[in-house]
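One structure is given here, and the rest of the page talks about it.
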Amino acid sequence: MKEIDYIIVGQGIAGSNLGFELLKRNKSIVIFDASWQDAACLVAAGVINPITGQRLVKSWRSEVAHPYAKSFYKDLEKHLSANFFHDRKILQLCKSPEEHELWAKRKLDITYAEFIGEGACKSVFDGLNDNFGHHFIERSAWVEPESIMSAYKAYFCERNVLIDEEFDYAQLYVADCITYKKFKAKGVIFCEGWQALKNPYFNWLPYRCAKGEILQLSADCNIPNHIIHRGNWIMKCAPNLFRIGSTWDRENLNSIPTESAKIELLKAVGNILISPENLSVVKHSAGVRPCTATTRPHLGEHPKFKGLYSFNGFGSKGYALSPYFAGEFADFLDGKKTIDPEANLNRHIKRFFKEG
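Position 322 (the sequence shown) corresponds to 404 in my numbering; numbering is contiguous.
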């Protein structure tokens, strides 16, 4: 039996960032993942956005997590010998005069001033539906999902730590030590995304998963090289090639693209771009976000089975939050830090965990 430090289940963006962090600390790991192609992180926007929601509030832990993530990804490009990180402003197109006024008020707030750039109350961008003006969101960025995940997979394969195999809970034994097939490990860390709903050890945690669909489009139009948002996001990923997303569906949790979502997203194109020529759909993708009931990730150790951990539930903010929390979680495993109280799964034990 081979002795290692940790088994990681799931090679999505959370599992990949944590795996990289542990390898950097000279921990021995293996990663099990047989459903990489269905991971929600592949159809995510990959946007790091400090201001979110209709009330225009700062994203949770953005002050510490976002600068960390940007530095992390810039350095990661060197380690993976790949290009996937882009410093990009978000161009927020306002949908009404009232929304423009709300952005202007936010900019006057000293706690928001560094995140909100200059705006205009009238259209200055050809080809964009900018009738009610716009504002820029600063300190934002874009990580190309397919590029980083492909690079991560190659990185782990080169080090012989990625096993293309579905994890079989029935073969996991937790007693004085943890064993799984031919491995004896200090711990097993579950980073399964929405598949956590099927995990017999952590399915008691409160999730509110949501399916999302995106389109990759070809069109003859010239738009600014920003992340553009007006109800939906759209961004240029190559000349005359764009991505638009995303839909939200909490009822149909699967990775099957639907015609209804395609129609919804094509309609959204018209809300952002003015009469794009030769518009066609190049690719239509779907995935399920591992959103939680509290909008905070589920991090920590199982209350009964010691050595089993959850590093999951980042929802639509996996790219923005998981680098920082991977470092924090690695410190937690080493006994150097405790987990952020708002993300610690212990907060849900009293209400949701029933010891069987």
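Ideal Cβ placement from N, Cα and C applies to all residues, glycine included.
Would you kindly report the start and end of the unbroken beta strand (DSSP E) that includes residue i?
i    : result
G269 : F265 to F272
I474 : Because the chain is modelled from 83 through 438, residue 474 falls outside the range shown and cannot be assessed.
K344 : No beta strand (DSSP E) contains K344, which is instead part of the alpha helix (DSSP H) from E341 to I354.
W224 : A223 to V225
G74  : No information on residue 74 is available, as it lies outside the stretch 83 to 438 that the chain covers here.
L279 : Per DSSP, L279 belongs to no beta strand (DSSP E) and is neither H nor E.
K419 : Neither: K419 is in no beta strand (DSSP E) and is coded neither H nor E.
L254 : L254 to V256
F114 : I111 to F114
Within 10 Å of its beta-carbon, does residue i have 16 or more other beta-carbons around it, so buried, or fewer, so exposed?
i    : result
N131 : buried
F272 : buried
S337 : buried
E295 : buried
M317 : buried
P405 : buried
C239 : exposed
A116 : exposed
N314 : buried
L190 : exposed
R433 : exposed
P282 : exposed
N394 : buried
D208 : exposed
G135 : exposed
S392 : buried
Y458 : With the chain represented from 83 up to 438, any question about residue 458 goes unanswered, as that position is not in the structure.
Y255 : exposed
A257 : exposed
W276 : buried
R332 : exposed
I192 : exposed
S362 : exposed
S357 : exposed
E437 : exposed
S342 : exposed
Per DSSP, residue i is paired with what?
i    : result
Y391 : I271 and E383
Q174 : H217 and H311
F167 : V225
A292 : R371
V139 : T134
V327 : Note that residue 327 corresponds to Gly in the displayed sequence, not to Val. Paired residues: W315.
V129 : W224
A320 : L323
Y155 : Answer by DSSP bridge pairing: none, since Y155 is not bridged.
L299 : F324 and V363
V91  : F114 and F272
K84  : F265
L100 : According to DSSP, L100 bridges with nothing at all.
I260 : V256 and A267
N426 : L381
L244 : I113
L210 : L355
Would you mind stating whether residue i and residue j have Cβ atoms separated by less than 7 Å?
i    : j    : result
I95  : C123 : yes
H366 : K344 : yes
I326 : P385 : no
K171 : H308 : yes
Y88  : A267 : yes
I245 : Q174 : no
H168 : L287 : no
Q298 : V225 : no
D422 : E359 : no
G92  : P227 : no
F265 : K84  : yes
F197 : I133 : yes
L403 : A223 : no
S114 : F249 : The sequence shown places Phe at residue 114, not Ser. In contact: F114 and F249 (Cβ atoms closer than 7 Å).
G369 : V206 : no
Between which two residues does the alpha helix (DSSP H) carrying residue i extend?
i    : result
Y194 : Run containing Y194: none; DSSP gives neither H nor E here.
R332 : No alpha helix (DSSP H) holds R332; DSSP gives it neither H nor E.
F411 : G400 to L415
R82  : The question about residue 82 has no answer here: the residues shown for the chain are numbered 83 through 438.
K432 : I431 to F434
Is the Cβ of residue i closer than 7 Å to any Cβ of chain C?
i    : result
Q253 : Protein chains in the displayed structure number just one, and chain C is not present.
For the pair the stretch 403–420 and the stretch 147–159, tell me if three or more CB-CB distances fall below 8 Å.
With a cut-off of 8 Å, the stretch 147–159 and the stretch 403–420 count as touching, because enough Cβ pairs lie within range.
Do three or more CB pairs link the stretch 106–117 to the stretch 283–299 at distances below 8 Å?
no
I want to know whether the stretch 173–181 touches the stretch 212–232 - three or more CB-CB distances under 8 Å.
yes
Three or more C-beta pairs below 8 Å linking the stretch 413–431 and the stretch 158–170
no
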